[in-house]
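K.L.:
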Amino acid sequence: MTPDRSSEDIAKLLGEVQKESNGIDESLECTSQSLQGDYVKCISCGREKSEHEMQKVFYKKYKGICKMCFKLEIEE
Numbered sequence: 107m108t109p110d111r112s113s114e115d116i117a118k119l120l121g122e123v124q125k126e127s128n129g130i131d132e133s134l135e136c137t138s139q140s141l142q143g144d145y146v147k148c149i150s151c152g153r154e155k156s157e158h159e160m161q162k163v164f165y166k167k168y169k170g171i172c173k174m175c176f177k178l179e180i181e182e
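All you need for the working numbering is the position in the sequence shown, starting with 1, plus 106.
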């Protein structure tokens, strides 16, 4: 059997657990936000995707037009 702990000891331990839990929650939130990335919107079709999906360099080079719209303009 474990010896009885005073309510002060239990409160102290619960406080430490809460601090650790809050730290984990904050870390998880930061990681989640960094994974989401920034979203950009095509000025031609209005699609909204992550910069990675819109191919950031292509998007900036052609002033806000996504690759799909650019291909359509070339074909026309």
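All C-beta atoms, glycine included, are put in the ideal place defined by N, C-alpha and C.
Remember, predicted model here, so these are calculated numbers, not experimental data.
#1: Can you look up GLU154 in the DSSP assignment and give me helix, strand or coil?
#2: Is the CB-CB distance between GLU154 and LYS147 below 8 Å?
#3: Label ILE171 either buried or exposed according to how many other C-beta atoms from any shown protein chain fall within 10 Å of its C-beta, with 16 as the threshold for buried.
#4: Looking only at its chain, what residues have a beta carbon closer than 7 Å to the beta carbon of SER112, apart from the 5 residues adjacent to it on each side?
#5: Output the distance between the C-alpha atoms of LEU119 and GLU126, rounded to the nearest integer angstrom.
#6: In the DSSP assignment, find the unbroken beta strand (DSSP E) run with LYS147 in it and report its ends.
#7: Which residues in the same chain have their Cβ closer than 6 Å to the Cβ of SER150, if we skip the five residues on either side of it in sequence?
P.N.:
Inspection of the coordinates gives the following:
#1: strand
#2: yes
#3: buried
#4: none
#5: 11 Å
#6: Taken as a continuous stretch (DSSP letters only), the beta strand (DSSP E) holding LYS147 covers 145-147.
#7: ILE171 and CYS175
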